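So the sequence shown is residues 10 to 346, counted in the working numbering. C-beta: ideal position from N, C-alpha, C; glycine also. If you're wondering where the values come from, they're calculated on a predicted model, not measured in any experiment.
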Amino acid sequence: MKREAETMRDEDLPSVLIVIPCLNEAVHIGGLLGKIRKGLDGIDAKIVVADGGSTDGTIAIVEEFAARHDDVVLLHNPKRIQGPAINLAVERYGDGFTYLLRIDAHGRYPADYCVQLLRDGVKTNADSVVVSMKTEGRSLFQQATAAAQNSRLGTGGSMHRHASNGAWVDHGHHALMRIAAFRQVGGYDESFSHNEDAELDHRLRAAGFRIWLSGGTYMIYYPRSTPQALFRQYMSYGQGRARNMMKHRSVPKLRQALPLLVFPTALFALLAVVHWSASLPLVIWALACLGYAGAMALKRGNPGLVLAGVSAMVMHLAWSFGFWLQMITNAPRRRSA
Numbered sequence: 010m011k012r013e014a015e016t017m018r019d020e021d022l023p024s025v026l027i028v029i030p031c032l033n034e035a036v037h038i039g040g041l042l043g044k045i046r047k048g049l050d051g052i053d054a055k056i057v058v059a060d061g062g063s064t065d066g067t068i069a070i071v072e073e074f075a076a077r078h079d080d081v082v083l084l085h086n087p088k089r090i091q092g093p094a095i096n097l098a099v100e101r102y103g104d105g106f107t108y109l110l111r112i113d114a115h116g117r118y119p120a121d122y123c124v125q126l127l128r129d130g131v132k133t134n135a136d137s138v139v140v141s142m143k144t145e146g147r148s149l150f151q152q153a154t155a156a157a158q159n160s161r162l163g164t165g166g167s168m169h170r171h172a173s174n175g176a177w178v179d180h181g182h183h184a185l186m187r188i189a190a191f192r193q194v195g196g197y198d199e200s201f202s203h204n205e206d207a208e209l210d211h212r213l214r215a216a217g218f219r220i221w222l223s224g225g226t227y228m229i230y231y232p233r234s235t236p237q238a239l240f241r242q243y244m245s246y247g248q249g250r251a252r253n254m255m256k257h258r259s260v261p262k263l264r265q266a267l268p269l270l271v272f273p274t275a276l277f278a279l280l281a282v283v284h285w286s287a288s289l290p291l292v293i294w295a296l297a298c299l300g301y302a303g304a305m306a307l308k309r310g311n312p313g314l315v316l317a318g319v320s321a322m323v324m325h326l327a328w329s330f331g332f333w334l335q336m337i338t339n340a341p342r343r344r345s346a
């Protein structure tokens, strides 16, 4: 199978339905569509842009692009978020295609991204091919956040957040998936606004499907540009992870369990008004984050990376707060029949 994938011509690769969920992505969508199409020469593919109600001109850009290219279509996504967008696209257009390929509208991709994923799918016979996610930043805060997210400080060693040589994994950033497998497990749980990919991966593994982390390609992601936006994002991630664990009665891994302690530690620190020692755990955590970031800044010769410690603290606290907020206030909602 490996030799077959290496010698296979692009026109012989399996067919693929490419879905791009988006909302107000006028800055990126035109360039992204052009780049994706350019990498599909000879491949049986259709690109579906599932728009959640953009008001910034995104829809007009996609409509103009679709008028010139009959392999691109605009799909209105009334539920706005990513999971329902992909479910609807597969329902409407999935018949006749072997694979589903999920593209994030605000990401950046190598020119051969689609071809490499299809080759990985053929070579490994995996049911899902996921990718590593490299984070980059433009502003000082984004660069610091990117440095944190590319390190163990921000990810706890999650495999899909770091470069890979290829490996079988439990979870990764969603890219390519067999439509048959996607449909068999019921697609994305539409009650999840965040962490929907990890929740689907849980069901894929439970059904006996296999997930391969590509060693041949990756995606580039740009983090939130302000501490407030980063906090809201990671709070939602924490809520999604809690709902996932409650739904499947799973337990957190060590790299997830450690950040869970941050919000309780912050609450405990309020007792410092009674005795100063109550603040020690919080101070130790903050110093550890800043110390790790300081060492990283020194190693790379970039003093601005000290801010990676601040970004990491925002992510840890927000994730922990969101997790416990979800655990305490809400039971997981069940999907309607």
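Under a 10 Å Cβ-count criterion, residue 181 is classified as buried, with 16 or more other Cβ atoms of the shown protein chains found around its own Cβ. A Cβ-Cβ distance of about 6 Å is found for the pair residue 185 and residue 130, placing them in contact under the 8 Å criterion. Contact between the stretch 154 to 161 and the stretch 49 to 62 is absent: fewer than three C-beta pairs spanning the two stretches fall below 8 Å. Relative to the Cα of residue 152, the nearest Cα in the group 103, 206, 231 belongs to 231. The beta carbons of residue 110 and residue 173 sit no closer together than 7 Å. Each residue's CA atom was taken as its position, placing residue 252 and residue 209 some 13 Å apart. Contact between the stretch 32 to 50 and the stretch 119 to 139 is established, with three or more Cβ pairs separated by less than 8 Å.
For residue 315, the CB contacts under 6 Å within the same chain, skipping 5 residues up- and downstream, are 302, 303, 306 in chain order. The criterion of a C-beta distance shorter than 7 Å is satisfied by residue 196 and residue 96. Cβ-Cβ distances below 7 Å link residue 274 to 290, 291, 294 in the same chain, with the five nearest sequence neighbours on each side left out; the list follows chain order. Note that the C-beta distance between residue 94 and residue 69 is not below 7 Å.
The beta carbon of residue 234 is closer than 7 Å to those of 148, 150, 151 in its chain, skipping five residues each way along the sequence.
As computed with DSSP, residue 182 is found in a beta bridge with 140. If you keep only unbroken alpha helix (DSSP H) runs of at least 4 residues inside the stretch 286 to 311, you get 289 to 309.
In the structure shown, residue 223 falls within a strand segment according to DSSP collapsed to helix, strand and coil. For residue 30, the enclosing beta strand (DSSP E) has its first and last residue at 25 to 31. Following the DSSP letters along the chain, one finds residue 251 in no beta strand (DSSP E) but inside the alpha helix (DSSP H) bounded by residues 236 to 257. Secondary structure in the stretch 68 to 129: the beta strand (DSSP E) runs of 3 residues or longer, each lying completely within the stretch, are 81 to 85, 108 to 111 in chain order. In the DSSP annotation of this structure, the continuous segment of the alpha helix (DSSP H) that includes residue 210 starts and ends at 205 to 215. In this structure, 327 is the residue among 259, 327, 206 with its C-alpha nearest to the C-alpha of residue 240.
Distance from the CA of residue 35 to the CA of residue 75, rounded to the nearest whole angstrom, comes to 15 Å.
Only residues of its own chain outside the window of five on either side were considered, and among them 26, 28, 109, 188, 191, 192, 196 have a CB closer than 8 Å to the CB of residue 99, listed in chain order.
For residue 55, no alpha helix (DSSP H) encloses it; the enclosing beta strand (DSSP E) starts and ends at 54 to 60. Residue 220 is a Cβ neighbour of residue 137, given a cutoff of 7 Å. Within the same chain, Cβ atoms closer than 7 Å to the Cβ of residue 183 are found at 111, 139, 206, the five residues on either side in sequence being excluded. Ranked by Cα distance from residue 324, the options 339, 248, 309 are led by 248. Around the beta carbon of residue 154, 16 or more other beta carbons sit within 10 angstroms, so the residue counts as buried.
Taken through DSSP and simplified to helix, strand or coil, residue 192 comes out as helix. Rounded to the nearest whole angstrom, the CA to CA distance from residue 61 to residue 244 is 22 Å. Check the Cα spacing between residue 104 and each of 250, 24, 33: the tightest is with 24.
Around the CB of residue 78, fewer than 16 other CB atoms lie within 10 Å, so the residue is classed as exposed.
When secondary structure is reduced to three states using DSSP, residue 233 falls in the coil class, being assigned neither helix nor strand. The three-state secondary structure of residue 147, taken from DSSP, is coil.
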